[in-house]
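Going left to right, the sequence shown walks through residues -19 to -1, 1 to 123 as mature numbering (1 follows the signal peptide of the UniProt record, and there is no 0) numbers them. Below is one structure, written out as structure tokens, with a few remarks after it.
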Amino acid sequence: MAFFLAEVSSVAFTACVSAQDVINIGHGQTIVFDQVYTNTGNSYKRTTGIFTAPMDGVYGFHLSVMVLDSNALYLNLVKNGEHFEGMAIYGNGRFTTVSEFWNIELAKGDDVWIRTDTNYIDGHLGTIHGWCHTQFSGFFIN
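Pasting the structure below:
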């Protein structure tokens, strides 16, 4: 009896916001993580900030965001244009970092990205601190 191992493609990316700060972020704006460290499988597009699943399966996504003091905003993980999950960031020190991790079942061709929900929380405009302190990563689990 012969056994054949199915070839599994590797899919993984890590990208960051390279600008010093992204200021006055508007409602519903896609966050583009323009500096790419890893893009195995070429599924993350640095010009649009969108990850496209190359195959069906479960994927893990990690988002780490740094904001400056007195800045706050909500960010959403978006799947095919629909809000999937969100995170709130309130800058209450010189620099504040918040991190989230999500497991998502995707079909081939599904798109995932990060966008703002709103740029006003408690009267403060949203500003993301860049210089690669704000990062987005994803990878294929199974």
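Ideal placement from N, C-alpha and C gives every residue a C-beta, glycine not left out.
- In the displayed model, Gly67 falls within a strand according to three-state DSSP.
- By the CB criterion at 8 angstroms, Ser(-2) and Leu44 fall outside the cutoff.
- Fewer than three beta-carbon pairs drawn from the region 13 to 25 and the region 48 to 62 are found closer than 8 angstroms, and the two stretches are therefore not classed as touching.
- When beta bridges are read from the DSSP output, Ala(-8) appears opposite Thr21, Phe120.
- In the structure shown, Ile31 adopts extended strand secondary structure according to DSSP, grouped into three states.
- Taking all protein chains in view, the Cβ of Thr97 is crowded by 16 or more other Cβ atoms within 10 Å, so the residue is classified as buried.
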